[in-house]
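Every position in the sequence shown, counted from 1, becomes a number in my numbering once 975 is added.
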Amino acid sequence: MGVQMMRDITVMVTASGAPGAPGIIKSLRLNGERKIRIVTTDMNPESCGLFVAEKGYVVPPGASTEYIPRMLEIAEKEEVDVLLPLSTYELIPLSKNKAKFERVGAKVMVSDPKPLEIAINKGKLYEFLRKKEIPTPDAIMVNSLAEFERAVFKLGYPDVPVCVKPQISKGGRGFRILKKDIDKVDLLINYKPDNTITTLEDIISILEIANPFPKLVVMEYLPGKEYSVDLLVKEGEPLITIPRSRDLTKLGISFIGTVENNKEIREMANKIVRAIGLDYNINLQLKYSSEGIPKIIEANPRVSGTIVLCTGAGVNMPYLGVKMALGEEIPQIKPKYGTKMIRYWEEVFITPDGSSYKLNG
């Protein structure tokens, strides 16, 4: 006898213009248990995710007061079973309105508001974990240019590099490494504009005209190996934890990565999600310090942009998150450690009449 197929469902994937969206949608379709109809949303009408789904909708930004009513309208119209958010900025609005979505039949794969507010704000995250005696980078929250300059020097600049990033951000936005001795001509001529290395003087020239001054975190530079950890968590208890090295990153996402059986990273990630009390698909980024201690860089309480690497290694984490939302049993699956992913660009073409296609070759 063949495999018993489960009932068909509809999953709505938000922020479908995110770089990881095609891999997440592909993972959902390759689940091997059931047919999943994909509905996508994005605030950009030219988002690629709108054209690789059965149905795509342009929606307001997550911070808009019109966002939740529009999402509820779509969820009810399309008979959505599960809503899978990809953008950090949508998480808290969706979390606060989970009950409304359930009334139209849609489960939202998101943690409760209180742990979310800790996870997405680096200042709150570091302070919370420090009290739990979990290693965090030396970090100082700043709200003015004077505070920024004092923090940079307090953390050892110019003798050592120092990092700066917004307290709330996504996809590497706003992240910079401050170094004293850099060749600016070399940076201009030989590096692409997305390079993160800069000088204190260059950053000050921008921040001194900022109005209002952005909320930033100045933090210790961690020179060691970097890991991204994908977890499936139920009521604060990790069910599956998969570390993967970030071997090459571009635009804030992994282009080359390897699933690794790193027990130290796995145990650290489990300790963090238990402490915060998160739910569903969670991503943590950790990096080793000069003393060889893995420290949390940031927490993404949602599916990650490179979670498709887990699917390639035999553990379909986005689909397992959907199963958890539906109240179904989660099988114990171990990834094929050592699996490496090399990411590349792919195109979607839209004809004048609005239909879409890909080239097969």
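Where a beta carbon is used, it is the ideal one built from N, C-alpha and C, also for glycine. None of the values given here were measured: they were computed from a predicted structure.
**Request:** Tell me whether Lys1089 sits in a helix, a strand or coil according to DSSP, three-state version.
**Result:** As a first step, residue 1089 must be located in the sequence shown, where it is residue number 114. Three-state result, Lys1089: helix.
**Prompt:** So, are the CB atoms of Leu1066 and Val1079 less than 8 Å apart?
**Reply:** Position 91 of the sequence shown holds residue 1066. Position 104 of the sequence shown holds residue 1079. No, these two residues do not count as a Cβ contact at 8 Å.
**Message:** For Gly1280, tell me which candidate among Gly1287, Ile1272, Leu1197 and Asn1258 has the shortest Cα-Cα distance.
**Reply:** Start at 1 with the first residue of the sequence shown, and residue 1280 comes out as number 305. Of all alpha-carbon atoms in Gly1287, Ile1272, Leu1197 and Asn1258, the one lying nearest the alpha-carbon of Gly1280 is that of Asn1258.
**Asked** Exposed or buried, which one is Pro1036 when buried takes at least 16 other CB atoms within 10 Å?
**Response** Locating residue 1036 in the sequence shown gives position 61, where the first residue counts as 1. Looking at its Cβ environment, which holds fewer than 16 other Cβ atoms inside 10 Å, Pro1036 is exposed.
**Prompt:** Can you tell which of Tyr1166, Glu1176, Gly1147 and Arg1249 has the C-alpha that lies nearest to the C-alpha of Asp1156?
**Reply:** Start at 1 with the first residue of the sequence shown, and residue 1156 comes out as number 181. Asp1156 has its Cα closest to that of Glu1176, out of Tyr1166, Glu1176, Gly1147 and Arg1249.
**Prompt:** Short check: CB of Pro1090 to CB of Gly1252, under 8 Å?
**Reply:** The residue given as residue 1090 occupies position 115 in the sequence shown. The residue given as residue 1252 occupies position 277 in the sequence shown. Yes.
**Message:** Give me the residue from Ile1271, Cys1138, Arg982 and Gly1211 with the minimum Cα distance to Gln1260.
**Reply:** Within the sequence shown, numbered from 1, the residue matching residue 1260 stands at position 285. Comparing Cα positions, the closest option is Ile1271.
**Asked** Taking Cβ to Cβ, would you say Asn1245 is nearer than 8 Å to Thr1063?
**Response** Position 270 of the sequence shown, counting from 1, holds the residue named residue 1245. Position 88 of the sequence shown, counting from 1, holds the residue named residue 1063. No.
**Request:** Give the straight-line distance between the Cα atoms of Pro997 and Val1283, rounded to the nearest whole angstrom.
**Result:** For the purposes of this step, residue 997 is taken as residue 22 along the sequence shown, with counting starting at 1. For the purposes of this step, residue 1283 is taken as residue 308 along the sequence shown, with counting starting at 1. Taking the straight line joining both Cα atoms gives about 9 Å.
**Item:** Under 8 Å between C-beta atoms of Val986 and Val1057
**Value:** As a working note, residue 986 is residue 11 in the sequence shown. As a working note, residue 1057 is residue 82 in the sequence shown. Closer than 8 Å, so yes.
**Asked** Does the Cβ-Cβ distance between Val1278 and Pro1310 come in under 8 Å?
**Response** Walking along the sequence shown from the start, residue 1278 turns up at place 303. Walking along the sequence shown from the start, residue 1310 turns up at place 335. For the 8 Å CB-CB criterion, Val1278 and Pro1310 do not form a contact.
**Prompt:** Would Pro1187 be called buried (16 or more neighbouring beta carbons within 10 Å of its own) or exposed?
**Reply:** Translated into positions along the sequence shown, residue 1187 becomes position 212. Of the other Cβ atoms in all chains shown, fewer than 16 fall within 10 Å of the Cβ of Pro1187; this residue is therefore exposed.
**Message:** Which residue marks the beginning of the beta strand (DSSP E) containing Pro994, and which one marks its end?
**Reply:** Numbered from 1 along the sequence shown, position 19 holds the residue referred to as residue 994. Counting along the chain, Pro994 falls outside any beta strand (DSSP E), and DSSP gives it neither H nor E.
**Message:** Contact defined as beta carbons within less than 8 Å: I believe Pro1293 pairs with Leu1059. What is the distance between those atoms, to the nearest angstrom?
**Reply:** Locating residue 1293 in the sequence shown gives position 318, counting from the first residue. Locating residue 1059 in the sequence shown gives position 84, counting from the first residue. Rounded, the Cβ-Cβ distance is 7 Å, consistent with contact.
**Message:** Please report the distance separating the alpha-carbon of Met1116 from that of Ser1330.
**Reply:** What you label residue 1116 is simply residue 141 of the sequence shown in a count that begins at 1. What you label residue 1330 is simply residue 355 of the sequence shown in a count that begins at 1. For Met1116 and Ser1330, the distance between alpha carbons rounds to 48 Å.
**Item:** Proximal residues to Tyr1132 (C-beta, below 8 Å), its chain only, five neighbours per side dropped
**Value:** The residue given as residue 1132 occupies position 157 in the sequence shown. The answer, listed in chain order, is Leu1153, Lys1155 and Leu1175.
**Request:** Taking only the alpha-carbon atoms, compute the straight-line gap between Glu1322 and Lys1209 and give it to the nearest angstrom.
**Result:** Your numbering for residue 1322 matches position 347 in the sequence shown. Your numbering for residue 1209 matches position 234 in the sequence shown. If you take the alpha carbons of Glu1322 and Lys1209, they lie about 36 Å apart.
**Asked** When the distance is taken between beta carbons, is Pro1068 closer than 8 Å to Tyr921?
**Response** Only positions 976 to 1336 of the chain appear in this structure, which leaves residue 921 out of reach.
**Message:** Run through the DSSP bridge pairs and tell me what Asp1254 is partnered with.
**Reply:** Here the question's residue 1254 lines up with position 279 in the sequence shown. DSSP, once it has assigned bridges, lists no residue as partnering Asp1254.
**Asked** Should Lys1106 be labelled buried (16 or more other beta-carbon atoms within 10 Å of its own) or exposed?
**Response** Along the sequence shown, read from residue 1 onward, the residue named residue 1106 stands at position 131. It counts as exposed.
**Prompt:** Is Pro1213 buried or exposed, if buried means 16 or more other CB atoms sit within 10 Å of its CB?
**Reply:** Along the sequence shown, one-based indexing puts residue 1213 at 238. Under this definition Pro1213 is a buried residue.
**Prompt:** Distance, Cα to Cα, Leu1025 vs Asn1335?
**Reply:** Within the sequence shown, the letter at position 50 stands for residue 1025. Within the sequence shown, the letter at position 360 stands for residue 1335. If I take the Cα positions, the gap works out to 20 Å.
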